[in-house]
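Residue numbers (full-length UniProt numbering), protein chains in the order written: chain A, 1 to 219; chain B, 1 to 219.
There are 2 protein chains.
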Amino acid sequence: MTQIGPGRPRLEPRRRAGQTPRAEILDAAAELFTAKGYGSTSTRGIADAVGIRQASLYHHFASKDDILDALLAETITGPLELAERLAGASAPAAVRLYALAWFDVSQLCASRWNLGALYLLPELRSERFAVFRERRDELRRHYERLAAAVAGAAGNSVPGVELLPFRLVESVINMRSDEGASPEYAEHLIPDAILRLLGWQGDLEQTRSAAVELAEPGA
Amino acid sequence: MTQIGPGRPRLEPRRRAGQTPRAEILDAAAELFTAKGYGSTSTRGIADAVGIRQASLYHHFASKDDILDALLAETITGPLELAERLAGASAPAAVRLYALAWFDVSQLCASRWNLGALYLLPELRSERFAVFRERRDELRRHYERLAAAVAGAAGNSVPGVELLPFRLVESVINMRSDEGASPEYAEHLIPDAILRLLGWQGDLEQTRSAAVELAEPGA
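Encoded structure:
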């Protein structure tokens with residue numbers, strides 16, 4: 001019998017993907033939140049799906065909100081770290097914006113569950129999720145700054161156009177929901193479209209490969 | 001005392017906006033679904049918010065799903081009717097696509113509650129909402145056909161680019177959710193950006209006014 005938490009035996013053999021009980025709880029919760037709905041999922045239901053006691057779940061997470069917060073953080077941490085690194089990079093703004101959009105779309109596609117579908121939950125407007133909201137706003141502002149630089153360099157002065165790249169990136173969440181599968185074609189389609197709608201006219205092939213290289217960890 | 005339904009007296013004076021009990025129920029449900037969450041709202045809670053008995057609510061709607069279905073239908077009916085009319089119109093594809101996007105963004109902004117935030121609910125994947133899903137898919141295909149015509153005329157052969165206009169239109173739902181208010185600036189920003197990302201290079205001022213005229217009912 002697998003031991004989890006503070007010496008509590010599992011009710012059943014391990015059922016979920018995940019290296020640790022914490023990862024298994026997150027995986028089960030992500031499935032239930034995206035397949036059944038956040039409001040309709042209980043911590044009891046999550047514990048059952050993992051095959052552990054509810055008390056063991058509470059050893060890892062104090063509440064359902066804490067589980068949701070951890071899942072949402074996963075969707076933001078990678079792109080936000082990249083955006084911060086790109087803010088100090090010397091590559092042209094178009095390459096940096098492409099790198100960020102490409103990385104973000106790829107990870108929204110690659111995650112096992114479509115967690116971005118939870119961004120519109122009314123529950124996220126509460127104080128409990130203020131830190132998540134602030135981090136997502138920070139990411140959005142990174143997009144807007146890079147987009148404004150690209151539009152400016154292209155002589156595009158349409159007010160508000162810098163707001164759209166972030167929205168196009170997040171639309172991959174809706175594609176994935178409607179299509180029932182990750183839209184792999186979006187990985188380049190969306191960053192390409194972002195540069196085009198900003199009025200950018202450079203060499204797309206070159207920008208793509210420079211961007212993908214720049215987005216690599218340790219680049 | 002206002003009479004509602006089959007001779008049932010109201011518990012309290014009328015509380016909600018709406019000309020009919022049905023409209024009041026829809027308004028209350030829309031507020032609760034978007035503010036508290038669908039899974040966390042009960043028909044009892046909706047009846048309380050209207051100030052009627054739960055039994056009176058069931059005279060108008062057999063279930064909570066029926067209320068959601070009626071609300072979702074409201075978000076689709078207008079744009080779908082327009083799209084069907086535009087499919088047979090003789091105006092250039094760019095004008096027709098602009099008209100559809102302008103009308104759709106405007107109505108997503110003008111509705112009292114941000115009902116589009118409900119599109120990602122997992123509940124919508126059930127058989128109960130198959131008709132709504134089919135109608136939304138139909139609207140999406142209208143966008144894709146018009147966008148393909150615009151891209152084709154502009155010599156833009158990027159595969160998949162015709163998928164993006166519908167996504168940009170629906171991103172107004174996320175803007176509204178994040179900003180806590182309807183982004184009125186999106187009414188032209190989004191249709192403008194749609195034509196630009198398709199590679200269209202015509203006269204924007206002219207297209208805008210032709211499109212708004214075309215979208216008028218009875219045009």
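Using N, Cα and C, we set each Cβ at its ideal position, and we do this for glycine too. Computed from a predicted model, the values in this text were never measured in an experiment.
What residue from A:T34, A:A35 and A:S63 has the CA that sits closest to A:R44's CA?
-> Taking the first sequence and counting its residues from 1, the one referred to as residue 44 of chain A is at position 44. The shortest C-alpha separation from A:R44 is found at A:S63.
Chain B residues whose Cβ lies nearer than 7 Å to that of A:D192 | One-based indexing of the first sequence puts residue 192 of chain A at position 192. Per Cβ cutoff of 7 Å: V158.
Can you check whether the CB of B:F166 is closer than 8 Å to the CB of B:Y185?
-> Taking the second sequence and counting its residues from 1, the one referred to as residue 185 of chain B is at position 185. Taking the second sequence and counting its residues from 1, the one referred to as residue 166 of chain B is at position 166. Remark: C-beta atoms of B:Y185 and B:F166 do not approach each other more closely than 8 Å.
Is the region 91-100 of chain B close to the region 54-61 of chain B, with three or more CB pairs under 8 Å?
-> No, they do not touch.
Among B:A83, B:P122 and B:S106, nearest to B:L68 - alpha-carbon criterion = Translated into positions along the second sequence, residue 68 of chain B becomes position 68. Ranking B:A83, B:P122 and B:S106 by CA distance to the CA of B:L68 puts B:P122 first.
Would you mind giving the Cβ-Cβ distance between B:L108 and A:R196, rounded to the nearest angstrom? I have them listed as a contact below 8 Å.
-> In the second sequence, residue 108 of chain B corresponds to position 108, counting from 1. In the first sequence, residue 196 of chain A corresponds to position 196, counting from 1. Between B:L108 and A:R196, the beta carbon gap of about 24 Å keeps them out of contact (Cβ cut-off 8 Å).
Whole-angstrom distance between A:G202 and A:G152, CA atom to CA atom = Here residue 152 of chain A corresponds to residue number 152 of the first sequence, with the count starting at 1. Here residue 202 of chain A corresponds to residue number 202 of the first sequence, with the count starting at 1. Taken atom to atom, the span from the alpha-carbon of A:G152 to that of A:G202 is near 14 Å.
List, in order along the chain, the chain B residues whose C-beta lies closer than 7 Å to that of A:S40?
-> For the purposes of this step, residue 40 of chain A is taken as the residue at position 40 of the first sequence. The answer, in chain order, is G39.
Can you round the beta-carbon distance between A:G88 and A:E170 to whole angstroms, since I take them to be within the 8 Å contact cut?
-> By 1-based counting over the first sequence, the position of residue 88 of chain A is 88. By 1-based counting over the first sequence, the position of residue 170 of chain A is 170. Their Cβ separation, rounded to whole angstroms, is 25 Å, which puts A:G88 and A:E170 out of contact at 8 Å.
So with Cβ pairs under 8 Å, would you call B:P92 a contact of chain A?
-> Looking up residue 92 of chain B in the second sequence gives position 92. Answer no: the Cβ-Cβ gap between B:P92 and chain A never drops below 8 Å.
Compute the beta-carbon to beta-carbon distance between residue 222 of chain B and A:V161, rounded to the nearest angstrom, for a pair I have assumed lies under 8 Å.
-> The requested residue 222 of chain B is not part of the displayed model; chain B covers only 1 to 219.
Residue environment, A:A181, which counts as buried when at least 16 other CB atoms sit within 10 Å | As a first step, residue 181 of chain A is located in the first sequence; it is residue number 181 there, counting from the start. Exposed is the call here.
Classification of B:E84 by the beta-carbon crowding that lies within 10 angstroms, buried from 16 upward = Residue numbering aside, residue 84 of chain B sits at position 84 when the second sequence is read from its first letter. Its Cβ having fewer than 16 others within 10 Å, B:E84 is exposed.
Beta-carbon proximity check, residue 287 of chain B vs A:G39, cutoff 8 Å | Because chain B here runs from 1 to 219, residue 287 of chain B falls outside it and cannot be looked at.
Residues in the region 109-122 of chain A having any Cβ partner in chain B nearer than 7 Å = Only A117, L120, L121 and P122 from the region 109-122 of chain A bring a Cβ to less than 7 Å from some Cβ of chain B.
Determine the contact status of B:T41 and B:N114, defining contact as a CB-CB distance below 8 Å.
-> Within the second sequence, residue 41 of chain B is the residue found at index 41, counting from 1. Within the second sequence, residue 114 of chain B is the residue found at index 114, counting from 1. It is not a contact, given that the beta carbons lie outside the stated cut-off.
Proximal residues of chain A, C-beta to C-beta of B:R196 below 8 Å | Position 196 of the second sequence, counted from the start, is the residue given in the question as residue 196 of chain B. Here the neighbours are R196, L197 and G199.
Output yes or no for whether 8 Å exceeds the beta carbon distance between B:P79 and B:L139.
-> Within the second sequence, the letter at position 79 stands for residue 79 of chain B. Within the second sequence, the letter at position 139 stands for residue 139 of chain B. Yes, these two residues count as a Cβ contact at 8 Å.
Figure out for me which residue from B:E31, B:V50 and B:A30 has the closest Cα to the Cα of B:P21.
-> Start at 1 with the first residue of the second sequence, and residue 21 of chain B comes out as number 21. When C-alpha distances from B:P21 are compared across B:E31, B:V50 and B:A30, the shortest belongs to B:V50.
Neighbourhood of B:E187 by C-beta distance below 8 Å, restricted to the same chain and skipping five residues each side | For the purposes of this step, residue 187 of chain B is identified with residue 187 of the second sequence, where counting begins at 1. Once the five neighbours on either side are set aside, the close Cβ partners of B:E187 are W102, V105, S106 and C109.
Note down, in chain order, each residue of its chain lying with its Cβ closer than 8 Å to the Cβ of A:A70, except the 5 sequence neighbours on either side.
-> For the purposes of this step, residue 70 of chain A is taken as residue 70 along the first sequence, with counting starting at 1. Short of 8 Å from the beta carbon of A:A70, and not among the five residues preceding or following it, lie these beta carbons of its own chain, in chain order: L26 and F61.
Tell me whether the beta-carbon of B:I52 lies closer than 8 Å to the beta-carbon of B:L32.
-> Indexing the second sequence from 1 puts residue 52 of chain B at position 52. Indexing the second sequence from 1 puts residue 32 of chain B at position 32. In this structure, B:I52 sits away from B:L32, with a CB-CB distance that is not shorter than 8 Å.
Is the shortest distance between the beta-carbon of B:A30 and the beta-carbons of chain A less than 8 Å?
-> Position 30 of the second sequence, counted from the first residue, corresponds to residue 30 of chain B. At a cut-off of 8 Å between C-beta atoms, B:A30 does not count as an interface residue with respect to chain A.
In angstroms, rounded to a whole number, what distance separates the CA positions of A:L120 and B:Y119?
-> In the first sequence, residue 120 of chain A corresponds to position 120, counting from 1. In the second sequence, residue 119 of chain B corresponds to position 119, counting from 1. About 10 Å.
According to the neighbour-count rule (16 or more other Cβ atoms, all chains shown, within 10 Å of its Cβ), is A:P191 buried or exposed?
-> Indexing the first sequence from 1 puts residue 191 of chain A at position 191. Buried is the call here.
Buried versus exposed call for A:A30 [16 or more other C-beta atoms within 10 Å across all chains shown] = Residue mapping note: residue 30 of chain A aligns to position 30 of the first sequence, counting from 1. In summary, A:A30 is buried, with 16 or more beta-carbon neighbours lying within 10 Å of its beta-carbon over all protein chains present.
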